[in-house]
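Everything on this sheet refers to the single structure shown next.
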Amino acid sequence: MEYVVMAAKAVVVFALVSGSMPFIVWAERKVMADAQARIGPNRVGPFGILQSFADALKLIFKEDVVPTGIDKRIFYLAPILSIIPALITFAVVPYGGPDLKLFGYPVGYVADLKDVGILYVFAVTTLGVYGIVLAGWASNNKYSLMGALRSSAQMISYEILLGLSIMGVVIGSGSLSLVEIVQAQATPYFGVIPGIWLFAQPLGFLIFLIASLAEANRVPFDLPEAESELVAGFHTEYSSFKFAMFFMAEYINLLTLSGVITTLFLGGWLGPGVDRFPILGVLYFSVKTVALVYFFIWLRATLPRLRYDQLMRFAWKVMLPAALINIFITAYWVAR
Amino acid sequence: MLKDIKDAVEQSLAIFRGLGVTLRHILRERRVTTQYPEQRPPQAFRYRGIHQLRLDENGKELCVGCNLCGLVCPAECIYVEGAETDNPEEERVTHYERFARVYILNSARCLYCGFCVEACPTDALAMTPQYELGEYHRRDCIYDKEDLIKNYLRWKDQAGYGIEWCHPEKLPEWTGHAEPLTPPSHAAPAIGEHRQ
Chain L
921 MEYVVMAAKA VVVFALVSGS MPFIVWAERK VMADAQARIG PNRVGPFGIL
971 QSFADALKLI FKEDVVPTGI DKRIFYLAPI LSIIPALITF AVVPYGGPDL
1021 KLFGYPVGYV ADLKDVGILY VFAVTTLGVY GIVLAGWASN NKYSLMGALR
1071 SSAQMISYEI LLGLSIMGVV IGSGSLSLVE IVQAQATPYF GVIPGIWLFA
1121 QPLGFLIFLI ASLAEANRVP FDLPEAESEL VAGFHTEYSS FKFAMFFMAE
1171 YINLLTLSGV ITTLFLGGWL GPGVDRFPIL GVLYFSVKTV ALVYFFIWLR
1221 ATLPRLRYDQ LMRFAWKVML PAALINIFIT AYWVAR
Chain C
290 MLKDIKDAVE QSLAIFRGLG VTLRHILRER RVTTQYPEQR PPQAFRYRGI
340 HQLRLDENGK ELCVGCNLCG LVCPAECIYV EGAETDNPEE ERVTHYERFA
390 RVYILNSARC LYCGFCVEAC PTDALAMTPQ YELGEYHRRD CIYDKEDLIK
440 NYLRWKDQAG YGIEWCHPEK LPEWTGHAEP LTPPSHAAPA IGEHRQ
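Note that the protein sequences, when read in sequence, are chains L and C.
Start counting the first sequence at 921; every next residue gets the next number (the working numbering).
Start counting the second sequence at 290; every next residue gets the next number (the working numbering).
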């Protein structure tokens, strides 16, 4: 029975995460339009909300162009490899507390990996790089390869920061389980300020935020697909539904990373009244995650793309020392 | 070292300033988009759209088929075949013996420079503000004399686009908006066929 519940939760979460993707795309186009004094999609459905579905439908019916001289197996495998990690990361992100029960079963999260929770997140998001690198490699196109090379260098650099920046949170919480990390944020500082890690770990939060932007290939770190210099980067040669899969992976990654940031730094499902009505936790989690997604879109409307050498220098010379300092300070504070 | 830190702080603050700029735009909700088929952009008083062949007050054609427009046309998109007639004046299409037997204008080749209009000695040829000229077939881009006279009939009551084409006195009446019109849908003979 437990497995049935697990499977049901997985299906629901999978459907919600992938189902929200068209709306994130729509929101991005609308917010970008707002920032640029435009209107954005407004023809398909009310406020153009069905625009993404129209686009998806169009993409499916487009010709699937397969270039010559490619490595076919890898070419087909790459989009799949890029979308699966994006989808399965959400398995460990708790969207409701352990108190959230349905028929006596905890439904606040799909799985609580007690010993490896956060490591699982990193392991899986790192797999996403393979999709990009293999796509670039298999495409038999110099622009794709350049995009893939950049992407791998960028992701390896920022993966380290991603890991180091949450060490403070892990040390402070004393656990790798995402559920326990959220629970560690329940006690308020000085009895009034919410006990979320954002306030105790501002530096860690900032580094994690920037690193996850790079991890999700978002502006200002969208070098792998820098359209002004690399055509479309790693997905230059992809068309039709295979392109749609890369596109989906990108936006689901955005949502997933927002969920992870919410969990680690913004107190996940925690909020006023959540201990009496656990269902409120899902609402709090959603609100925080959506706010973060909005922030990322807002950031995209604001910032230009970094140059490649700036990106690498920033990672290794600024962010890495900052992350290390953050760890030492936290360790001192905990050991004290 | 101290300068580096100062620069870094300043540049970091610049990010937040940038975020403030975009946020201001998001909140202000100013829109510059013109929702095209429903709203139309304002047009200049002397906008050069598709041509018209004007008639005079008696309903006679002004064009005498002199082919000056065809000669001056840089894109060679106008083909005129003038002819003369011995008919009595009431049966003629113009007031003169000369008239344009064939007048073909290829809107796909035309670059809307307006030279033809300037060249016209009888002020028969003029332009209209009509710009929706897309067609599915090249053959539909061929306007013959009838089509161009139809353009005149459509536009003659519109301020500034009637007999007194672009007359400065008409400027105050000009609304800056052209009414959408349906382009000719019939198939006219290709321009090459007349050349032979």
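Using N, Cα and C, we set each Cβ at its ideal position, and we do this for glycine too.
Legend entry - Simplified DSSP assignment, three categories, for Glu1149/L: As a working note, residue 1149/L is residue 229 in the first sequence. Of the three classes helix, strand and coil, the one that applies to Glu1149/L here is helix, per DSSP.
Inset, instruction - Quick one: using the 10 Å Cβ neighbour count with 16 as the cut-off for buried, is Thr1209/L buried or exposed? - result: On the first sequence, residue 1209/L is found 289 positions in, with the first residue counted as 1. When all chains shown are included, Thr1209/L counts as buried.
Legend entry - Amino acids of chain L, ordered along the chain, whose beta-carbon sits closer than 8 angstroms to that of Leu308/C: The sequence position of residue 308/C within the second sequence is 19, counting from 1. Result: Trp1218, Leu1219 and Thr1222.
Legend entry - Cβ distance (whole Å) where Gly960/L is taken to contact Lys950/L below 8 angstroms: As a first step, residue 960/L is located in the first sequence; it is residue number 40 there, counting from the start. As a first step, residue 950/L is located in the first sequence; it is residue number 30 there, counting from the start. Between Lys950/L and Gly960/L the Cβ distance is about 4 angstroms, and since that is below 8 angstroms, they are a contact.
Inset, instruction - Hey, could you find the ends of the alpha helix (DSSP H) Phe488/C is sitting in? - result: Given a span of 290 to 485 for chain C in the structure shown, any question on residue 488/C remains unanswerable.
Legend entry - The alpha helix (DSSP H) enclosing Val1099/L, as first and last residue numbers: In the first sequence, residue 1099/L corresponds to position 179, counting from 1. Bounds of the alpha helix (DSSP H) holding Val1099/L are Leu1098 to Gln1103.
Inset, instruction - Pick helix, strand or coil for Ile1038/L, following the three-state DSSP scheme. - result: Along the first sequence, one-based indexing puts residue 1038/L at 118. Of the three classes helix, strand and coil, the one that applies to Ile1038/L here is helix, per DSSP.
Inset, instruction - With Ile969/L as the anchor, note down where its beta strand (DSSP E) starts and where it stops. - result: Start at 1 with the first residue of the first sequence, and residue 969/L comes out as number 49. That residue, Ile969/L, is in no beta strand (DSSP E); it is neither H nor E in DSSP.
Legend entry - Closest residue to Ser1071/L among Phe1154/L, Leu1129/L and Asp1032/L (Cα-Cα distance): Along the first sequence, one-based indexing puts residue 1071/L at 151. It is Phe1154/L whose Cα lies nearest to the Cα of Ser1071/L.
Legend entry - Val321/C: contacting residues in chain L (beta-carbon distance under 8 angstroms): Residue 321/C sits at position 32 when you count from the first residue of the second sequence. Against chain L, a Cβ distance below 8 angstroms from Val321/C picks out Ala957 and Arg958.
Legend entry - Proximal residues to Val985/L (C-beta, below 8 angstroms), its chain only, five neighbours per side dropped: Reading the first sequence from its first residue, position 65 is the one you call residue 985/L. Only Glu1157, Ser1159 and Ser1160 meet the Cβ criterion.
Legend entry - Helix, strand or coil at Glu373/C according to DSSP, with G and I counted as helix: Taking the second sequence and counting its residues from 1, the one referred to as residue 373/C is at position 84. In the three-state DSSP reduction, Glu373/C falls in the strand class (E or B).
Legend entry - Three-way DSSP call (helix, strand, coil) for Lys445/C in this model: Numbered from 1 along the second sequence, position 156 holds the residue referred to as residue 445/C. Reduced to three states, the DSSP call for Lys445/C is coil.
Inset, instruction - Identify whether Leu414/C lies in helix, strand or coil by the three-state DSSP scheme. - result: By one-based count along the second sequence, residue 414/C stands at place 125. Strand, per DSSP.
Legend entry - Coil, strand or helix - Tyr432/C by DSSP: On the second sequence, position 143 is the one that residue 432/C refers to. It is a strand residue.
Inset, instruction - Might you give, ordered along the chain, the residues of its own chain that have their beta carbon closer than 6 angstroms to the beta carbon of Ala1136/L, omitting 5 neighbours on each side? - result: Along the first sequence, one-based indexing puts residue 1136/L at 216. Asn1173, Leu1174 and Leu1177.
Legend entry - Which listed residue (Phe1010/L, Val1202/L, Leu1244/L and Trp1189/L) has its alpha carbon closest to that of Ile1080/L: If you number the first sequence from 1, residue 1080/L lands on position 160. In this structure, Leu1244/L is the residue among Phe1010/L, Val1202/L, Leu1244/L and Trp1189/L with its C-alpha nearest to the C-alpha of Ile1080/L.
Legend entry - Inter-residue Cα distance where the pair is Gln1103/L and Pro1014/L: Here residue 1103/L refers to the residue found at position 183 when the first sequence is read from its first residue. Here residue 1014/L refers to the residue found at position 94 when the first sequence is read from its first residue. For the pair Gln1103/L and Pro1014/L, the Cα-to-Cα distance works out to about 11 angstroms.
Inset, instruction - In angstroms with no decimal places, state the Cα-to-Cα distance between Gly968/L and Thr1182/L. - result: Here residue 968/L refers to the residue found at position 48 of the first sequence. Here residue 1182/L refers to the residue found at position 262 of the first sequence. Distance between the alpha carbons of Gly968/L and Thr1182/L: 28 angstroms.
Inset, instruction - For Val264/C, I'd like the list of residues in its chain whose CB is within less than 8 angstroms of its CB, leaving aside the five on either flank, ordered along the chain. - result: With chain C covering only 290 through 485, there is no way to say anything about residue 264/C.
Inset, instruction - Have a look at Gly451/C and Val321/C and give me their C-alpha separation to the nearest angstrom. - result: Translated into the one-based positions of the second sequence, residue 451/C becomes position 162. Translated into the one-based positions of the second sequence, residue 321/C becomes position 32. Legend: pLDDT at Gly451/C = 48, less than 50; position of this residue unreliable, no value from coordinates given.
Inset, instruction - Write down every uninterrupted run of the beta strand (DSSP E) in the stretch 1166-1241 of chain L whose length is 3 residues or greater and which is fully enclosed by it, in chain order. - result: Fully enclosed beta strand (DSSP E) runs of 3 or longer: not present.
Legend entry - C-alpha gap between Asp293/C and Gln300/C, whole angstroms: Within the second sequence, residue 293/C is the residue found at index 4, counting from 1. Within the second sequence, residue 300/C is the residue found at index 11, counting from 1. Whole-angstrom Cα-Cα distance: 10 angstroms.
Legend entry - Tyr1063/L classed as buried or exposed, judged by whether at least 16 other C-beta atoms fall within 10 angstroms: Sequence index remark: in the first sequence, residue 1063/L carries index 143 (1-based). Flag for Tyr1063/L reads buried.
Legend entry - Through-space distance from Arg443/C to Glu380/C, alpha-carbon basis: The sequence position of residue 380/C within the second sequence is 91, counting from 1. The sequence position of residue 443/C within the second sequence is 154, counting from 1. For Glu380/C and Arg443/C, the distance between alpha carbons rounds to 25 angstroms.
Inset, instruction - Inspect the beta-carbon positions of Asn1246/L and Ile1116/L and report whether they are closer than 9 angstroms. - result: Walking along the first sequence from the start, residue 1246/L turns up at place 326. Walking along the first sequence from the start, residue 1116/L turns up at place 196. It is not a contact, given that the beta carbons lie outside the stated cut-off.
Inset, instruction - Could you run through the stretch 1120-1146 of chain L and flag, in chain order, every residue whose CB is less than 8 angstroms away from some CB of chain C? - result: Residues: none.
Inset, instruction - Measure the CB-CB distance between Gly1187/L and Pro1114/L and report whether it falls below 9 angstroms. - result: By one-based count along the first sequence, residue 1187/L stands at place 267. By one-based count along the first sequence, residue 1114/L stands at place 194. A Cβ-Cβ contact shorter than 9 angstroms links Gly1187/L with Pro1114/L.
Inset, instruction - Just mark His426/C as buried or exposed, buried being the case when its beta carbon has 16 or more other beta carbons within 10 Å. - result: Sequence index remark: in the second sequence, residue 426/C carries index 137 (1-based). Counting every other CB atom within 10 Å of its CB across the protein chains shown gives His426/C a total below 16, marking it as exposed.
Inset, instruction - Measure the Cβ-Cβ separation of Val1223/L and Tyr1204/L and say whether it is below 9 angstroms. - result: Numbered from 1 along the first sequence, position 303 holds the residue referred to as residue 1223/L. Numbered from 1 along the first sequence, position 284 holds the residue referred to as residue 1204/L. Looking at the sequence shown, residue 1223/L is not Val but Leu. Against a cut-off of 9 angstroms, the Cβ pair of Tyr1204/L and Leu1223/L comes out as no contact.
Legend entry - Option nearest Leu1118/L by Cα separation, candidates Val1180/L, Ala1073/L and Ser1097/L: By 1-based counting over the first sequence, the position of residue 1118/L is 198. That would be Val1180/L, whose Cα lies nearest to the Cα of Leu1118/L.
Legend entry - Coil, strand or helix - Pro999/L by DSSP: On the first sequence, position 79 is the one that residue 999/L refers to. Helix, per DSSP.
Legend entry - Reference Ala1120/L, options Val1139/L, Ser1093/L, Ser1097/L and Gly1017/L, closest by Cα: The count along the first sequence starts at 1 and reaches residue 1120/L at position 200. It is Ser1093/L whose Cα lies nearest to the Cα of Ala1120/L.
Inset, instruction - Rounded to whole angstroms, what's the CA-CA distance from Asn1061/L to Val1036/L? Just pull it up for me. - result: Here residue 1061/L refers to the residue found at position 141 of the first sequence. Here residue 1036/L refers to the residue found at position 116 of the first sequence. In a straight line, the C-alpha of Asn1061/L is about 39 angstroms away from that of Val1036/L.
Inset, instruction - Could you tell me which residues DSSP pairs with Ile367/C in its beta bridges? - result: Position 78 of the second sequence, counted from the first residue, corresponds to residue 367/C. In the DSSP output, where bridge partners are listed per residue, Ile367/C has Leu394/C.
Legend entry - Per-residue DSSP class, three states only, for Glu350/C: Your numbering for residue 350/C matches position 61 in the second sequence. Of the three classes helix, strand and coil, the one that applies to Glu350/C here is strand, per DSSP.
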